[in-house]
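In our numbering, the protein residues as written are 119 to 325.
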């Protein structure tokens, strides 16, 4: 692939990220104006997550792969938009959202494992086990997320606010974990090559 095509692709990805950030910022301002504090909190956290790559670039002079930045932004964007109605309107939306976010969580698990593995000569993990680790890591994170959704719903009811997260029954939990697993398998199968640069950055930070 030519440099011109790659540059155009990177520019398109950055534009998509900026567009999603603009939407999140507008939603954050609107929910604050309407005093929907529960929704505003969730949207604010999502917006902050999308800014993390920029923080890494400014503070540590590390430019994350534009595709990774796009995927991180897309993950929180899809969840945020879902909380405004699509989760209830479309049965498939929750499955898509969990698959997209599971890819990000799987990436975090893989990067964490590989960073410590490459940093220490005493740690050596077979490739097959890395794939298993990714799936287990995502499932564990998924369980924690379901607990967070439950706690969020209970707290929101107690204070009379909107719940930024909510549990929709046992069937929903099982469905979430299934599609979390799908996201983990995608990363284990084809996604790890995109994470090598970030692994190298973190390893150097540990030195």
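Just so it is clear, CB atoms sit at the ideal spot from N, CA and C, and this is done for glycine as well. The model shown is predicted, which means the values in this text are computed figures rather than measured ones.
Check: Does the distance from the CB of residue 223 to the CB of residue 259 come in under 8 Å?; Outcome: yes
Check: Just checking, does the segment 172 to 183 make contact with the segment 310 to 320 on the three C-beta pairs under 8 Å criterion?; Outcome: yes
Check: Can you say whether residue 252 is buried or exposed, counting buried as having 16 or more other CB atoms within 10 angstroms of its CB?; Outcome: buried
Check: Using only the alpha-carbon positions, how far apart do residue 221 and residue 302 sit?; Outcome: 6 Å
Check: By the DSSP assignment, the alpha helix (DSSP H) with residue 159 in it spans what residues?; Outcome: 155 to 168
Check: Cα separation between residue 235 and residue 242?; Outcome: 6 Å
Check: Helix, strand or coil for residue 243? Go by DSSP, reduced to three states.; Outcome: coil
Check: Starting from the C-beta of residue 232, find all residues in its chain whose C-beta is less than 7 Å away, skip the five residues before and the five after it, and write them out in chain order.; Outcome: 317
Check: Could you give the C-beta distance for residue 298 and residue 212, rounded to a whole number, given that I count them as a contact under 8 Å?; Outcome: Not a contact, Cβ separation roughly 11 Å.
Check: Buried or exposed for residue 137, going by 16 or more other Cβ atoms inside 10 Å?; Outcome: exposed
Check: Given residue 237, which residues of its chain have a CB within under 7 Å of its CB, disregarding the five upstream and five downstream residues?; Outcome: 321 and 324
Check: Under the rule that 16 or more other beta-carbon atoms within 10 Å means buried, what is residue 123, buried or exposed?; Outcome: Note that residue 123 scores a pLDDT of 45, beneath 50, so its modelled location is shaky; the value from the coordinates is reported in the next line. With fewer than 16 Cβ atoms within 10 Å of its Cβ, residue 123 is classed as exposed.
Check: Tell me the residue span of the alpha helix (DSSP H) that contains residue 227.; Outcome: 211 to 237
Check: By a C-beta neighbour count over all protein chains shown, 10 Å radius and 16 as the cutoff for buried, is residue 246 buried or exposed?; Outcome: exposed
Check: By the DSSP assignment, the alpha helix (DSSP H) with residue 307 in it spans what residues?; Outcome: Note, residue 307: premise wrong, no alpha helix (DSSP H); not H, not E.
Check: Exposed or buried, which one is residue 240 when buried takes at least 16 other CB atoms within 10 Å?; Outcome: exposed
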